[in-house]
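Peer 1:
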Amino acid sequence: MRVLGIETSCDETGLAIYCTERGLLGHALHSQISMHQAYGGVVPELASRDHLLRLIPLFDSLLADCQLNKSAIDAVAYTAGPGLVGALLTGAAFAKAFAFALDLPAIGVHHLEGHLLAPLLELDPPEAPFVALLVSGGHSMLINVKAIGSYELLGDTLDDAAGEAFDKTAQLLGLGYPGGPALSALAQTGEAGRFKFSRPMTDRPGLDFSFSGLKTQVLLAAKRCAKESGLGDYTANLDTATKAALARAFEEAIADTLAIKCQRALEQTGHVRLVVAGGVSANTRLRERLQSTAASHGAQVYFPRPLFCTDNGAMIALAGALRLQHAALDMLRANHKIDATPRWDLASLPSIESAEPVNA
Ligand code: KG4
Ligand code: ZN
3 MRVLGIETSC DETGLAIYCT ERGLLGHALH SQISMHQAYG GVVPELASRD HLLRLIPLFD
63 SLLADCQLNK SAIDAVAYTA GPGLVGALLT GAAFAKAFAF ALDLPAIGVH HLEGHLLAPL
123 LELDPPEAPF VALLVSGGHS MLINVKAIGS YELLGDTLDD AAGEAFDKTA QLLGLGYPGG
183 PALSALAQTG EAGRFKFSRP MTDRPGLDFS FSGLKTQVLL AAKRCAKESG LGDYTANLDT
243 ATKAALARAF EEAIADTLAI KCQRALEQTG HVRLVVAGGV SANTRLRERL QSTAASHGAQ
303 VYFPRPLFCT DNGAMIALAG ALRLQHAALD MLRANHKIDA TPRWDLASLP SIESAEPVNA
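Going by the working numbering, the first residue of the sequence shown is number 3, and it counts up by one from there.
1) Output the distance between the C-alpha atoms of Thr-191 and Thr-81, rounded to the nearest integer angstrom.
2) What residue range does the alpha helix (DSSP H) around Ile-35 cover?
3) Could you tell me whether any non-hydrogen atom of the ligand KG4 is closer than 7 Å to the CB of Ser-371?
4) Taking 8 Å as the threshold, find out whether the region 166-183 comes into contact with the region 204-223 through three or more Cβ pairs.
5) Looking at Thr-15 and Leu-364, is the spacing between their C-beta atoms short of 8 Å?
6) Going by Cα to Cα distance, which pick from Glu-129, Glu-124, Ala-189 and Lys-217 is closest to Asp-161?
7) How close, in whole Å, do the beta carbons of Leu-174 and Leu-222 come, if the pair is a contact with beta carbons under 8 Å?
8) Any heavy atom of the ligand KG4 within a distance shorter than 7 Å of the CB on Gly-139?
9) Among the residues of its own chain, which have a CB less than 7 Å from the CB of Ala-37, if the five just before and after it don't count?
10) Counting Cβ pairs, one atom from each stretch, are 3 or more of them under 8 Å apart for the region 5-14 and the region 72-79?
11) For Gly-208, which of Arg-307, Pro-128, Asp-158 and Ala-149 has the nearest alpha-carbon?
12) For the alpha helix (DSSP H) that contains His-117, what are its first and last residues?
13) Helix, strand or coil: which one does DSSP assign to Ala-189?
14) Considering only the alpha carbon of each residue, which of Asp-347, Phe-305, Pro-344 and Ile-340 lies closest to Phe-100?
15) So what does Thr-22 bridge to, in DSSP terms?
16) Can you name the start and end residues of the beta strand (DSSP E) that Ile-8 belongs to?
17) Is Asp-158 near the ligand ZN, with its Cβ less than 7 Å from a heavy atom?
18) Is Gly-139 helix, strand or coil when you go by DSSP?
19) Taking the C-alpha atoms as reference points, what is the distance between Arg-345 and Cys-227?
20) Starting from Glu-129, trace the alpha helix (DSSP H) in both directions and tell me its first and last residue.
21) Ends of the alpha helix (DSSP H) at Thr-92?
22) Helix, strand or coil, according to DSSP, for Ala-255 in the structure here?
23) Do Thr-295 and Gln-270 count as a contact pair if the criterion is CB distance below 8 Å?
24) Taking contact to mean 3 or more Cβ pairs, one atom from each stretch, closer than 8 Å, check whether the region 236-247 and the region 175-195 are in contact.
25) Note down the Cα distance separating Leu-123 from Leu-309, rounded to an integer number of angstroms.
26) Tell me where the beta strand (DSSP E) around Val-78 begins and ends.
27) Leaving out five residues before and five after Pro-127 in sequence, what residues of the same chain have Cβ atoms less than 7 Å from its Cβ?
28) At the level of alpha carbons, what is the spacing between Thr-9 and Gly-232?
29) Between Pro-84, Ala-319, Gly-272 and Glu-115, which lies nearest to Val-278 when the distance is taken from Cα to Cα?
30) Between the C-alpha atoms of Cys-21 and Glu-254, what's the straight-line distance to the nearest angstrom?
31) Please state the DSSP three-state secondary structure of Ala-164.
32) Can you tell me whether Gln-302 is helix, strand or coil according to DSSP?
33) Return the bridge partner residues of Glu-154 from the DSSP annotation.
34) For Leu-156, collect the residues of the same chain with a Cβ closer than 6 Å to its Cβ; drop the 5 residues on either side in sequence, then sort them by chain order.
35) For Gly-25, tell me which candidate among Asn-314, Ala-261, Ala-319 and Lys-98 has the shortest Cα-Cα distance.
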């Protein structure tokens, strides 16, 4: 079965074709980052309008790259939520219109299920059960994946998500939006030990996270340095070496905190596999830290390739394909409703074998 996957939940238009026999056949992506940069964050209305402009040209170039005709597609999977409602509806409308025209089944996919199954696109895919750490711009979650499609939330963020903390910290250092990759690159050159920040919520039991206090610690340290340098409150004007040392200490605190919680989750569940996904899983220091945590625990860690850590169509095509193999295809073929679920609890998903439509 060849499944067209469509991702439009936020600021990336992603399309891909996944074949249940041959794996990923191709993917196409357009990032809106440069368009939103001037505003310091995603502007929902601009995001929706841009998805509309990009979907058809990206689809045409994907078909050309895969040397396939539209008629080679057997089913459609689209991100139905969570995400920005207008952005989600553009992908849902495209998916349902295409499916209607070719009389194909179309299935709504949970964006976070897409992220946490992304490592299954790699050569050595993890087998369930496993612990999943999902760290993106909107989420920081630890999940007990008992089986593919059966998710138990072990821990969540009480305030900022890990990616959000990266972005806000980068902003106060004047690194632009989204700041995660820029902050991470700067941290590589930072002096070790010049600053030290706490590992939030690791001094008490439990698997929840809190990152907003860490961002405040960086702000206070940056303000102190700015004052000492006669810059007043202009932390964005600090010298590069100070910014790099702050970035390094912040990144070390995030990586350590996530690693401590992952270790606890492995101990609590008894699982020996750890899957890490979402935009922040592209972070090199976090990857290294989690590799050594897992190794010292006799566990194996799995990441998507960096390109599939952030939003993309391939993870949606894959997650859709897995669900379509057990779904009532005639029911999906007959459902022409264009739907989106902007807020959607991952743990509420039916198991994959249950054949229920996921966004019922
Ligand atoms: O998964 P994603 O593309 O979108 C959401 O579903 O949120 O994640 C985007 C987030 C942003 O906050 C971005 O700054 C962060 O992932 N990110 C990184 C890195 N690459 C992306 N954070 C730290 N280090 C990176 N290398
Ligand atoms: Zn995402």
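Virtual Cβ for every residue (Gly too), placed ideally from N, Cα, C.
In this text the structure is predicted, and so the values were computed from the model without any measurement.
Peer 2: Here's the rundown:
1) For the purposes of this step, residue 191 is taken as the residue at position 189 of the sequence shown. For the purposes of this step, residue 81 is taken as the residue at position 79 of the sequence shown. The alpha-carbon atoms of Thr-191 and Thr-81 are separated by roughly 38 Å.
2) Taking the first residue of the sequence shown as 1, we reach residue 35 at position 33. Looking at the DSSP string, the run of the alpha helix (DSSP H) that includes Ile-35 is 35-39.
3) Here the chain comprises residues numbered 3 to 362, so residue 371 is not present and cannot be evaluated.
4) yes
5) An answer regarding residue 364 cannot be provided, because it is not within the stretch 3 to 362 covered by the chain.
6) Numbered from its first residue, the sequence shown carries residue 161 at position 159. When each option's Cα is compared against that of Asp-161, the closest is Lys-217.
7) Here residue 174 corresponds to residue number 172 of the sequence shown, with the count starting at 1. Here residue 222 corresponds to residue number 220 of the sequence shown, with the count starting at 1. Not a contact, Cβ separation roughly 10 Å.
8) Translated into positions along the sequence shown, residue 139 becomes position 137. Within the cutoff, so yes.
9) Here residue 37 is taken as the residue at index 35 of the sequence shown, counted from 1. Inspection of the sequence shows that residue 37 is occupied by Met rather than by Ala. Cβ neighbours of Met-37 beyond the five flanking positions: Leu-48 and Asp-52.
10) yes
11) For the purposes of this step, residue 208 is identified with residue 206 of the sequence shown, where counting begins at 1. It is Asp-158.
12) Looking up residue 117 in the sequence shown gives position 115. Segment 113-119, the alpha helix (DSSP H) holding His-117.
13) To locate residue 189, count along the sequence shown from 1; it is residue 187. If DSSP states are grouped into helix, strand and coil, Ala-189 belongs with the helices.
14) Along the sequence shown, one-based indexing puts residue 100 at 98. Checked all of Asp-347, Phe-305, Pro-344 and Ile-340; the closest Cα to Phe-100 is Ile-340.
15) Taking the sequence shown and counting its residues from 1, one reaches residue 22 at position 20. In the DSSP output, where bridge partners are listed per residue, Thr-22 has none listed.
16) To locate residue 8, count along the sequence shown from 1; it is residue 6. Its beta strand (DSSP E) spans residues 4-9.
17) Reading the sequence shown from its first residue, position 156 is the one you call residue 158. No - the ligand ZN has no heavy atom lying nearer than 7 Å to the Cβ of Asp-158.
18) Locating residue 139 in the sequence shown gives position 137, counting from the first residue. Here Gly-139 sits in coil by DSSP.
19) The residue given as residue 345 occupies position 343 in the sequence shown. The residue given as residue 227 occupies position 225 in the sequence shown. Cα-Cα distance, rounded: 41 Å.
20) Translated into positions along the sequence shown, residue 129 becomes position 127. It is not in any alpha helix (DSSP H) - Glu-129 carries neither H nor E in the DSSP assignment.
21) Along the sequence shown, one-based indexing puts residue 92 at 90. Segment 87-104, the alpha helix (DSSP H) holding Thr-92.
22) Mapped onto the sequence shown, residue 255 falls at position 253. Of the three classes helix, strand and coil, the one that applies to Ala-255 here is helix, per DSSP.
23) Start at 1 with the first residue of the sequence shown, and residue 270 comes out as number 268. Start at 1 with the first residue of the sequence shown, and residue 295 comes out as number 293. Contact: no.
24) yes
25) Along the sequence shown, read from residue 1 onward, the residue named residue 123 stands at position 121. Along the sequence shown, read from residue 1 onward, the residue named residue 309 stands at position 307. Each residue's Cα considered, the two are about 12 Å apart.
26) Here the question's residue 78 lines up with position 76 in the sequence shown. Looking at the DSSP string, the run of the beta strand (DSSP E) that includes Val-78 is 77-83.
27) As a working note, residue 127 is residue 125 in the sequence shown. Taken in chain order, the residues that qualify are Pro-121.
28) Here residue 9 is taken as the residue at index 7 of the sequence shown, counted from 1. Here residue 232 is taken as the residue at index 230 of the sequence shown, counted from 1. Residue identity check: residue 9 is Glu in the sequence provided, not Thr. Taking the straight line joining both Cα atoms gives about 47 Å.
29) Numbered from 1 along the sequence shown, position 276 holds the residue referred to as residue 278. Val-278 has its Cα closest to that of Glu-115, out of Pro-84, Ala-319, Gly-272 and Glu-115.
30) Locating residue 21 in the sequence shown gives position 19, where the first residue counts as 1. Locating residue 254 in the sequence shown gives position 252, where the first residue counts as 1. Using only the alpha carbons, I get a separation of about 39 Å.
31) Taking the sequence shown and counting its residues from 1, one reaches residue 164 at position 162. Helix at Ala-164.
32) Residue numbering aside, residue 302 sits at position 300 when the sequence shown is read from its first letter. Gln-302 falls in the strand class under three-state DSSP.
33) Stepping through the sequence shown from its first residue, residue 154 is reached at position 152. In the DSSP output, where bridge partners are listed per residue, Glu-154 has Asn-146.
34) Position 154 of the sequence shown, counted from the first residue, corresponds to residue 156. Counting only Cβ-Cβ distances below 6 Å, and skipping sequence neighbours, we find Leu-144, Asn-146, Leu-209 and Ala-267.
35) Along the sequence shown, one-based indexing puts residue 25 at 23. For the residues Asn-314, Ala-261, Ala-319 and Lys-98, the minimum Cα distance to Gly-25 belongs to Ala-319.
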